[in-house]
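The structure appears right after this line, and notes come after that.
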Amino acid sequence: MTQPGSLPPLILVTNDDGIHSPGLHAAIRAICDLGEVVVAAPRRQQTGASRSYLPVRDKAVYREEVPVDCRTVVAYGLETSPAQAVLSALVDLLPRLPDLLISGINFGENLGTGVTISGTIGAAIEAASFGVPGLAVSLETPKEFHYHHSDAVDFSVAASFTRQFALIMLAGQLPPDVDILKIDVPSDATLDTPWRVTRVSRQRYHVPRPSGRRSLSEQKGIDYAPEVNLDTLEPDSDVHALAVDRVVSVSPLSIDLTSRVDLAALDTDLRQRKRVYSRK
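The working numbering numbers the first residue of the sequence shown as 20 and each following residue consecutively.
Here you go:
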């Protein structure tokens, strides 16, 4: 934590559900006494935006009011993706790089191979690319809330875990190769629900469904629904923790996307294969 006489921690908060999302406001309330808090988030719904850099027509930055019961929090809304909102904050809006990026609290869990689709995760990856540690928090919710705000969703437990892990991350650097902590909170979690460090499952959790369109002109899109294959599900995975054991999943993520293989052995294997097909 901050030493006497030093600057308080600077915490950047964002999300992909939009700056008026109750989940974002719950996250701000949970951590606003931990340091200087600045919000930079999309002005509109950006679920599924990943780390995309969208074409931006409106390049203005809008000062926003966020309804939180704590000291003044500076909030900026941008007509961009979550990753671009973070980029603008880091390059243009903040006086220095923040000590922590918090992304969330997201309407809907981010599990398995679908994490690369998530704008919540994409925003954290953007921060991590600048060396800023990221905390990406998601709450399991019914699908009808994934693209629509609702005050019916209780974020209090997820907010408590957000605060807990923000304190943990502000207490000191994470181990090398841990750039982001991805937190997924079951919908029925309580303050006493345990948490578990997990790997990201190789399963796809939100599985796409055919649109059911009868003609090309019909306005129907690809649907999706949670699906778990227990026969192949890894017991140490985020999907198993949340969907099966109903505990909070804590997954360490790295922005190093290199496969964890022996590179020399792979090089040898590829060259052997090249010699084989060269002789044909």
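Yeah, the Cβ is synthetic: ideal placement off N, Cα and C, and Gly gets one too.
Among the options, nearest to residue i - alpha-carbon criterion
i: V216; options: T209, R76, L200 and R228; result: L200
i: R218; options: A49, G42 and S273; result: S273
i: P28; options: V280, A284, P114 and Y166; result: P114
i: R48; options: F180, D196, I144 and L73; result: F180
i: V93; options: A102, Q103, R82 and P101; result: R82
i: E163; options: A147, Y243, V134 and P205; result: Y243
i: N248; options: H225, V75, V172 and V32; result: H225
i: V85; options: D111, E246, P41 and P74; result: P41
i: L109; options: A171, D170, D207 and L31; result: L31
i: G150; options: D170, T160, V134 and L193; result: L193
i: V204; options: D281, S169, D264 and S148; result: D264
i: Q183; options: Q291, S297 and T212; result: T212
i: P152; options: D170, I187 and S169; result: I187
i: D275; options: P195, H168 and D170; result: P195
i: I140; options: S169, D170, I202 and L285; result: I202
Own chain residues within Cβ distance below 7 angstroms of residue i, not counting five before or after
i: M20; result: Residue placement at M20 cannot be trusted, given a pLDDT of 45 that sits under 50; the coordinates are not used to answer.
i: T66; result: D35, D36, G138, H165 and Y166
i: T106; result: A small correction: the amino acid at residue 106 is Leu; Thr does not occupy that position in the sequence shown. Excluding positions up to five away in sequence, the list reads E145.
i: E237; result: none
i: S230; result: K239, G240, I241 and D242
i: D288; result: none
Own chain, CB closer than 6 angstroms to residue i, minus 5 neighbours either side, in chain order
i: W214; result: V267 and V269
i: A45; result: I124, F174 and A178
i: R294; result: none
i: S14; result: There is no way to answer for residue 14, as the model of the chain reaches only from 20 to 299.
i: T305; result: Residue 305 cannot be examined here, being either before or after the span of the chain that is shown, 20 to 299.
i: S206; result: E159
i: E246; result: V226
i: D77; result: E98
i: V197; result: P271
i: T277; result: none
i: A283; result: none
i: V75; result: T99
i: Q302; result: The chain is shown from 20 up to 299; residue 302 falls before or after that span and cannot be answered.
Beta-carbon contacts of residue i that lie in its chain and below 8 angstroms, excluding the five residues immediately before and after
i: H259; result: T217, S220, L252 and E253
i: L112; result: V57, A59, V80 and Y95
i: D286; result: none
i: L235; result: none
Integer Cβ distance of residue i from residue j, believed to fall under 8 angstroms
i: R232; j: K239; result: 4 angstroms
i: A102; j: A142; result: 6 angstroms
i: L261; j: L130; result: 6 angstroms
i: T209; j: V172; result: Not a contact, Cβ separation roughly 16 angstroms.
i: G133; j: R223; result: 6 angstroms
i: S71; j: I136; result: Not quite, the Cβ-Cβ distance comes to about 10 angstroms (not below 8 angstroms), so this is no contact.
i: I50; j: A185; result: 5 angstroms
How do the stretch 84-99 and the stretch 144-163 stand: do at least 3 beta-carbon pairs fall below 8 angstroms, yes or no? The stretch 84-99 vs the stretch 144-163: no contact.
With contact counted as at least three CB pairs below 8 angstroms, one residue from each stretch, are the stretch 30-46 and the stretch 119-127 in contact? Short answer: they touch.
With a threshold of 8 angstroms, are at least 3 pairs of Cβ atoms found where one atom belongs to the stretch 90-110 and the other to the stretch 52-66? With the rule of 3 Cβ pairs closer than 8 angstroms, the stretch 90-110 counts as touching the stretch 52-66.
Contact between the stretch 38-57 and the stretch 105-123 (3+ Cβ pairs under 8 angstroms): The stretch 38-57 and the stretch 105-123 touch, with no fewer than 3 CB-CB distances between them shorter than 8 angstroms.
Go through the stretch 212-255 residue by residue and report every complete run of the beta strand (DSSP E) that reaches 3 residues or more, in order. Qualifying beta strand (DSSP E) stretches, in chain order: 214-216, 225-228 and 242-245.
Which ranges would you report for the beta strand (DSSP E) in the stretch 130-188 if only whole runs of at least 3 residues count? Entirely contained in the stretch 130-188, the beta strand (DSSP E) runs reaching 3 residues are, in chain order, 153-158.
Which runs of the alpha helix (DSSP H) at least 4 residues long sit entirely within the stretch 31-57? Give them in chain order. Whole alpha helix (DSSP H) segments, 4+ residues: 41-50.
Ignoring anything shorter than 4 residues or poking outside the stretch 62-113, list the alpha helix (DSSP H) runs there in chain order. Annotation note: the stretch 62-113 contains the following uninterrupted alpha helix (DSSP H) runs of length 4 or greater, listed N- to C-terminal: 101-107.
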